[in-house]
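Chemist: Handing you a structure now.
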Ligand SMILES: Cc1cc2nc3c(=O)[nH]c(=O)nc-3n(C[C@H](O)[C@H](O)[C@H](O)COP(=O)(O)O)c2cc1C
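Numbering (the numbering used here), first residue to last: 1213 to 1633.
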């Protein structure tokens, strides 16, 4: 099932002709981020946005309950499952003219460096090491793209290839299933097979493995993908940016690698997945897969951890909340340290007792207001943080943790919320 086949029945269909360069896609997507929007005429072609903009939509696509996503990801990372290789993958139904400038890929904000692929997942393999991860990609010309590589796994594979003077073959997937998108955004061990993790999620939710098909460059990619672009990360670099990223602010220009595209495939009647930068869908696809890693890290330090959440106010990336059942008075501080190391881009975490609903921002602030004094704020200087945080501008960052849990010997009568029975 490609994105095209999984558009929900309450999706909004925009029939007006929109222009790729006028940022009009952005203004439509921003109006109602809950709703899936299908653009019927984006310069003559079709696109879809806000596809996975709520936890409920992601869970529905994976056929699991929405409060089970975090454990679903953890389970799949621990138990990857083989994919099923198919001979007739949907993405190979049409060979598209090799001209990126003709695809329905928009410019999102006026000062962006150009039109951007915002939902692209890059699949690669080098010396037997596999990787699959999301990357923003700026269209430079008919067959060239500048790609932003934060120093993580794809960056490392590219560096290994570059040191040998070699290009790195890649396949860029746009419009893959929810399981693939979550696996691509989850941080795993270097070389882990992220497609097999997606397959494990698919087995649990749908009772069958993930289907994959082979590209001409030899790489296996999710079969049910609307567009697949085969190419190479070359030895060249070019200016990439500016681009509005997850914080809703313009990330600055950098010199980044250039990808040359050799072949473009699509399914019949494809829908280009236009992911709103800094929108809810961006928050969730990038932030949600970090929650299992935070949970795992905190669970090792504080077995009584109940729940974790990256908050929308912190762009589902920079700020988090953790609830715990304390056994020792130091558990609050240990939970802060473990949470920060479970997601190194996070710079603020609030730890609360397990009677607090961490999905209710007012209740979390109420816990901070009524259960702690500033002597329980932990400040940590000189840590590496997110390159996307404009306040650190790519340099080291301060981390801060609020231990808003009650001391074990606190008098409950002073702190309980009054109820009418
Ligand atoms: C919508 C979206 C856009 C992203 N853009 C980028 C990007 O431009 N560059 C980057 O390095 N990571 C980006 N990421 C984050 C990586 O895909 C993510 O950190 C992934 O876990 C990295 O894979 P790795 O752990 O295998 O290195 C993005 C994630 C999402 C969901």
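Backbone N, C-alpha and C fix where the C-beta goes; we use that ideal spot for every residue, glycine too.
As the structure is a computational prediction, the values presented were derived from the model and not from experiment.
Measure the beta-carbon distance from residue 1613 to residue 1548 and round it to whole angstroms, keeping in mind my assumption that it falls under 8 Å.
Modeler: Sure, about 3 Å apart at Cβ, within 8 Å.
Chemist: Between residue 1388 and residue 1308, is the Cβ-Cβ spacing less than 9 Å?
Modeler: Not in contact: residue 1388 and residue 1308 (Cβ atoms no closer than 9 Å).
Chemist: Look up residue 1278 in the DSSP assignment and say whether it is helix, strand or coil.
Modeler: Helix at residue 1278.
Chemist: Going by DSSP in three states, residue 1320 sits in which element: helix, strand or coil?
Modeler: Correct three-state label for residue 1320: coil.
Chemist: Is residue 1574 near residue 1616, with beta carbons less than 9 Å apart?
Modeler: Against a cut-off of 9 Å, the Cβ pair of residue 1616 and residue 1574 comes out as no contact.
Chemist: Nearest to residue 1499 by CA position, among 1281, 1233, 1222 and 1257, is which residue?
Modeler: Closest option to residue 1499, Cα to Cα, is 1281.
Chemist: Counting pairs of Cβ atoms below 8 Å between the region 1442-1454 and the region 1400-1416, do you hit three or more?
Modeler: At 8 Å Cβ cutoff, the stretches do not touch.
Chemist: Select from 1535, 1487 and 1624 the residue whose C-alpha is nearest the C-alpha of residue 1321.
Modeler: Checking every option, the nearest Cα to that of residue 1321 belongs to 1487.
Chemist: Please check the pair residue 1496 and residue 1528, which I expect to be a contact at CB under 8 Å, by giving their CB distance rounded to whole angstroms.
Modeler: About 6 Å; that satisfies the 8 Å criterion.
Chemist: In the structure shown, what three-state DSSP assignment does residue 1412 receive?
Modeler: Looking at residue 1412 - three-state DSSP - the assignment turns out to be helix.
Chemist: So the beta strand (DSSP E) residue 1613 belongs to, where does it begin and stop?
Modeler: Counting along the chain, the beta strand (DSSP E) containing residue 1613 begins and ends at 1609-1615.
Chemist: Check whether the Cβ of residue 1370 sits closer than 8 Å to any heavy atom of ligand 1, and report yes or no.
Modeler: It does not: the Cβ of residue 1370 is nowhere closer than 8 Å to a heavy atom of ligand 1.
Chemist: Secondary structure at residue 1535, three-state DSSP: helix, strand or coil?
Modeler: Three-state result, residue 1535: strand.
Chemist: Measuring straight from C-alpha to C-alpha, what distance separates residue 1317 and residue 1345?
Modeler: In a straight line, the C-alpha of residue 1317 is about 19 Å away from that of residue 1345.
Chemist: Among residues of its own chain, excluding the 5 on either side of residue 1512, which ones have a beta-carbon nearer than 8 Å to its beta-carbon?
Modeler: So the list reads 1550, once near-sequence residues are dropped.
Chemist: What number of angstroms, rounded off, separates the C-alpha of residue 1533 from the C-alpha of residue 1561?
Modeler: Spanning the two alpha carbons is a distance of roughly 5 Å.
Chemist: For residue 1467, which of helix, strand or coil comes out of DSSP?
Modeler: Residue 1467 falls in the strand class under three-state DSSP.
Chemist: Considering just the uninterrupted stretch of the beta strand (DSSP E) at residue 1426, what are its terminal residues?
Modeler: Where residue 1426 is concerned, the enclosing beta strand (DSSP E) stretches over 1423-1426.
Chemist: Three Cβ pairs or more, each shorter than 8 Å: is that satisfied between the region 1218-1233 and the region 1255-1263?
Modeler: Contact holds: three or more Cβ-Cβ distances are below 8 Å.
Chemist: How about residue 1344: is its Cβ closer than 8 Å to a heavy atom in ligand 1?
Modeler: Residue 1344: yes, Cβ under 8 Å from ligand 1.
Chemist: Does the beta carbon of residue 1501 fall short of 8 Å from some heavy atom of ligand 1?
Modeler: Residue 1501 Cβ: within cutoff of ligand 1.
Chemist: Name the DSSP bridge partner or partners of residue 1346?
Modeler: Per DSSP, 1333.
Chemist: Spell out the partners DSSP gives residue 1562 in its beta bridges.
Modeler: Its beta-bridge partners are 1533 and 1614.
Chemist: Can you tell me whether residue 1611 is buried or exposed? The criterion is at least 16 other CB atoms within 10 Å of its CB, across all chains shown.
Modeler: So residue 1611 ends up on the buried side.
Chemist: If you drop the 5 nearest sequence neighbours on each side, which residues of the same chain put their C-beta closer than 7 Å to that of residue 1374?
Modeler: Answer for residue 1374: 1447, listed in chain order.
Chemist: Opposite residue 1341 in the DSSP bridges: which residues?
Modeler: According to DSSP, which records beta bridges pairwise, residue 1341 is partnered with 1338.
Chemist: Assuming the contact rule is C-beta atoms closer than 8 Å, residue 1424 and residue 1407 should be a hit. Round their C-beta distance to whole Å, please.
Modeler: Between residue 1407 and residue 1424 the Cβ distance is about 6 Å, and since that is below 8 Å, they are a contact.
Chemist: For residue 1438 and residue 1314, I'd like the C-alpha separation in whole angstroms.
Modeler: About 16 Å.
Chemist: In this structure, does DSSP put residue 1402 in helix, strand or coil?
Modeler: It is coil, neither helix nor strand.
Chemist: Do residue 1535 and residue 1519 have their C-beta atoms closer together than 9 Å?
Modeler: Closer than 9 Å, so yes.
Chemist: What does the alpha-carbon distance come out to for the pair residue 1546 and residue 1526?
Modeler: Approximately 22 Å, taken between the alpha carbons.
Chemist: Residues in its own chain within less than 7 Å of residue 1604 by CB, not counting five upstream and five downstream?
Modeler: Once the five neighbours on either side are set aside, the close Cβ partners of residue 1604 are 1597.
Chemist: Between 1267, 1524, 1297 and 1357, which has its C-alpha nearest residue 1443's C-alpha?
Modeler: With distances taken between Cα atoms, residue 1443 lies closest to 1357.
Chemist: Is the beta carbon of residue 1669 sitting closer than 9 Å to the one on residue 1251?
Modeler: Coverage of the chain is limited to positions 1213 through 1633, which leaves residue 1669 absent and any answer about it impossible.
Chemist: Could you tell me how far apart the beta carbons of residue 1312 and residue 1384 are, in whole angstroms, since I believe they sit closer than 8 Å?
Modeler: Actually they are not in contact, since the Cβ atoms of residue 1312 and residue 1384 sit about 10 Å apart, beyond 8 Å.
Chemist: Determine, using beta-carbon pairs with one atom in the region 1409-1419 and one in the region 1365-1379, whether at least three such pairs fall under 8 Å.
Modeler: No contact exists between the region 1409-1419 and the region 1365-1379.
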